[in-house]
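Residue numbers (my numbering), protein chains in the order written: chain A, 13 to 115; chain B, 16 to 394. Each residue gets a CB set at the ideal place from its N, CA and C atoms; glycine is no exception. Bear in mind the structure is a predicted one, so any value in this text is a computation, not a measurement. These notes concern the structure reproduced below.
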Amino acid sequence: MSQIDIKVEFLGGLDSIFANKRSYEVKVDNTKIVTLRDLIFDVIVKDLLVNPEENYSIYIQDETIRPGILTLINDSDWELEDELDYILQHKDVISFTSTLHGG
Amino acid sequence: MFTPPSDPVNKTSNLKVSQLCELCHSRKAILKRPKNLMKICKECFYKVFETEIHNTIISNKLFYRGERVAVGASGGKDSTVLAYVLKKLNEEYDYGIDITLLSIDEGIVGYRDDSLATVKRNQQQYNLPLEIISYRELYNWTMDEIVACAGVRSSCTYCGVFRRQALDRGAMKLGIKHVVTGHNADDMAETVLMNILRGDVNRLEKSTAIMTSSEGSPVKRSKPFKYSYQKEIVLYAHYKKLDYFSTECTYAPEAFRGTAREYMKSLESIRPSCIIDIIHSGENLILKPKKQKKITQKFKNVSNKNGPSEMEIQKNGTVSLFKDGNRCERCGYLSSNKICKACILLEGLEKNRPKVQLDTDTSTDGKAKLMRDLEKLSF
Numbered sequence: 013m014s015q016i017d018i019k020v021e022f023l024g025g026l027d028s029i030f031a032n033k034r035s036y037e038v039k040v041d042n043t044k045i046v047t048l049r050d051l052i053f054d055v056i057v058k059d060l061l062v063n064p065e066e067n068y069s070i071y072i073q074d075e076t077i078r079p080g081i082l083t084l085i086n087d088s089d090w091e092l093e094d095e096l097d098y099i100l101q102h103k104d105v106i107s108f109t110s111t112l113h114g115g
Numbered sequence: 016m017f018t019p020p021s022d023p024v025n026k027t028s029n030l031k032v033s034q035l036c037e038l039c040h041s042r043k044a045i046l047k048r049p050k051n052l053m054k055i056c057k058e059c060f061y062k063v064f065e066t067e068i069h070n071t072i073i074s075n076k077l078f079y080r081g082e083r084v085a086v087g088a089s090g091g092k093d094s095t096v097l098a099y100v101l102k103k104l105n106e107e108y109d110y111g112i113d114i115t116l117l118s119i120d121e122g123i124v125g126y127r128d129d130s131l132a133t134v135k136r137n138q139q140q141y142n143l144p145l146e147i148i149s150y151r152e153l154y155n156w157t158m159d160e161i162v163a164c165a166g167v168r169s170s171c172t173y174c175g176v177f178r179r180q181a182l183d184r185g186a187m188k189l190g191i192k193h194v195v196t197g198h199n200a201d202d203m204a205e206t207v208l209m210n211i212l213r214g215d216v217n218r219l220e221k222s223t224a225i226m227t228s229s230e231g232s233p234v235k236r237s238k239p240f241k242y243s244y245q246k247e248i249v250l251y252a253h254y255k256k257l258d259y260f261s262t263e264c265t266y267a268p269e270a271f272r273g274t275a276r277e278y279m280k281s282l283e284s285i286r287p288s289c290i291i292d293i294i295h296s297g298e299n300l301i302l303k304p305k306k307q308k309k310i311t312q313k314f315k316n317v318s319n320k321n322g323p324s325e326m327e328i329q330k331n332g333t334v335s336l337f338k339d340g341n342r343c344e345r346c347g348y349l350s351s352n353k354i355c356k357a358c359i360l361l362e363g364l365e366k367n368r369p370k371v372q373l374d375t376d377t378s379t380d381g382k383a384k385l386m387r388d389l390e391k392l393s394f
């Protein structure tokens, strides 16, 4: 079974629903192709999200990342990287930044 | 403490032409601009973002040489980026302005104390002077006490009225006549939307002005980020690794703005230009001339009774204050009424202030502690 390492970061106050931890190292099984969608719904929501009944809607809306949260794949806007269909690579850095808090 | 976001290690090999920046055509594009859907690289993004703000400043003549300017600094993303960009542009384009950071301490434990720590770090990082004005010293109330007394629902009303005055008073204390704030395009579009939803026609016109000043008040305000998207501000802070504070205010989820903001974000995800479009609509919505006449008539009647009129009615229907500025009878602050809004709110609060001295131990959670103490009281 082969695995890849992914770094997941929750910034801009989003760490508050992920045990106040900004950065996570995640190992993902990639015996078959893994997309960002798999990472979000099978790993982040299941293992990292604290108190999912309450916090799920802060992070996810209409089966995607909630509008107002910026998703960056290796510092690139995910709109330029196929969004949820992006195929994860070893050592990728995925960051989620909330823009919804006050300025 | 500030921990910057991690740098990615993966570099894309075999770039496709379609992945290149549409401006320099030489580096990989890393973002799609919400304004025009252009794909650009990091370097071009910095340049474009800063230049647009510079153009906004120049075309609206926001500053004059030698002007002293206070940046309303909350420690949040907008004001942190504003302080950084303003300092940078001032050096690059030689505006010749003198920048000071001005912070308001509302007295919200677990929120403002942490964000003020960020402002203090910004002061060091950008080497700018900093002044902190607190609600405690101005009004003898902290927001935690106000919320414990008046409830969470009206917290933003109090906070908003008090903050507006506090920024003015802070600026006057420093002898500064211009406060710039980090309000961005998203904020402005939200405000336009809120004013439409509330049917507040009078505020609607004013809400899109880049610079506002009440006649008689020595302090004017401006919003250099009027046309800057929140997304780009956050990305700018992210790529530049700026140290900003990002927690929602303890009392904010109750606010009306939250609903408008969510709605805006959903709109933006369908059509990113909607934010600029809403601002544009707001700018072009002008009051019916009929209504102006009514106002004129009303004030003429009033002034006839009270002797010679010093009230000026401007073309756009707004009524300017007395030449010297109408002053609040209690605090001397500029006000269109005999007693200003802040003093009216304070009076209401004083009536409800618990007679028992509370132990304001700031080391524990402010609101929760006060609530607990209040629960112990019996009448």
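Check: Contact check, Ile-291 of chain B vs Lys-54 of chain B, beta carbons under 8 Å; Outcome: no
Check: Bridge partner(s) assigned by DSSP for Gly-185 of chain B; Outcome: Gly-185 of chain B pairs with nothing; no bridge assigned.
Check: Leu-212 of chain B classed as buried or exposed, judged by whether at least 16 other C-beta atoms fall within 10 angstroms; Outcome: exposed
Check: Buried or exposed by the 16-neighbour rule on C-beta atoms within 10 Å, applied to Thr-43 of chain A; Outcome: exposed
Check: Endpoints, alpha helix (DSSP H) assigned at Phe-64 of chain B; Outcome: 57-74
Check: C-beta neighbour in chain A for Gln-138 of chain B, strict 8 Å; Outcome: no
Check: Selected residue, minimal CA-CA separation from Glu-160 of chain B, among B:Ala-44, B:Asp-128, B:Ile-123, B:Gly-87; Outcome: B:Ile-123
Check: Listed by chain order, chain A residues near Ala-44 of chain B by CB distance under 7 Å; Outcome: Leu-92
Check: Distance between Asp-89 of chain A and Val-63 of chain B (C-alpha atoms, nearest Å); Outcome: 17 Å
Check: Cβ-Cβ distance between Leu-143 of chain B and Ala-98 of chain B below 8 Å; Outcome: yes
Check: DSSP three-state assignment for Ala-85 of chain B, whether helix, strand or coil; Outcome: strand
Check: C-alpha gap between Leu-92 of chain A and Ile-52 of chain A, whole angstroms; Outcome: 18 Å
Check: Own chain residues within Cβ distance below 6 Å of Val-96 of chain B, not counting five before or after; Outcome: Ile-248, Tyr-251, Ala-252
Check: Below-8 Å beta-carbon distance, Lys-256 of chain B vs any chain A residue; Outcome: no
Check: Under 8 Å between C-beta atoms of Lys-235 of chain B and Thr-223 of chain B; Outcome: no
Check: Coil, strand or helix - Phe-177 of chain B by DSSP; Outcome: helix
Check: Burial state of Ser-74 of chain B (16 or more Cβ within 10 Å); Outcome: exposed
Check: Within 8 Å, strictly: CB atoms of Pro-23 of chain B and Val-105 of chain A; Outcome: yes
Check: 4-residue-minimum alpha helix (DSSP H) runs that sit fully inside the region 194-260 of chain B, ordered along the chain; Outcome: 200-213, 216-221, 245-254
Check: Environment of Cys-39 of chain B [buried if 16+ CB atoms lie within 10 Å]; Outcome: exposed
Check: Distance CB(Ala-399 of chain B)-CB(Tyr-141 of chain B) smaller than 8 Å; Outcome: Since the first residue shown for chain B is 16 and the last is 394, residue 399 of chain B is missing from the structure and cannot be characterised.
Check: Chain-ordered chain B contacts of Lys-103 of chain A [CB-CB under 9 Å]; Outcome: Pro-23, Val-24, Asn-25
Check: Bridge-paired residues (DSSP) for Val-40 of chain A; Outcome: A:Ile-16
Check: Nearest residue (CA-CA) to Glu-146 of chain B, options B:Trp-156, B:Val-134, B:Tyr-154; Outcome: B:Val-134
Check: Three-state secondary structure (DSSP) of Asp-292 of chain B; Outcome: helix
Check: Coil, strand or helix - Gln-140 of chain B by DSSP; Outcome: helix
Check: DSSP state of Leu-60 of chain A mapped onto helix, strand, coil; Outcome: helix
Check: Rounded straight-line distance, which links the Cα of Phe-30 of chain A to that of Val-55 of chain A; Outcome: 12 Å
Check: Coarse secondary structure for Thr-109 of chain A, derived from DSSP in three states; Outcome: strand
Check: is_contact[Ser-14 of chain A, chain B] using C-beta, thresh 8 Å; Outcome: no
Check: Separation of Ile-301 of chain B from Leu-116 of chain B, as counted between CA atoms; Outcome: 35 Å
Check: Minimum Cβ-Cβ distance from Leu-51 of chain A to chain B less than 8 Å; Outcome: no
Check: Span of the beta strand (DSSP E), counted from its first residue to its last, around Ile-85 of chain A; Outcome: 81-85
Check: Nearest to Gly-80 of chain A (by Cα), restricted to the options A:Ile-45, A:Val-38, A:Ser-110; Outcome: A:Ser-110
Check: Beta carbon proximity, Leu-100 of chain A to chain B, threshold 8 Å; Outcome: no
Check: is_contact[Met-16 of chain B, chain A] using C-beta, thresh 8 Å; Outcome: no
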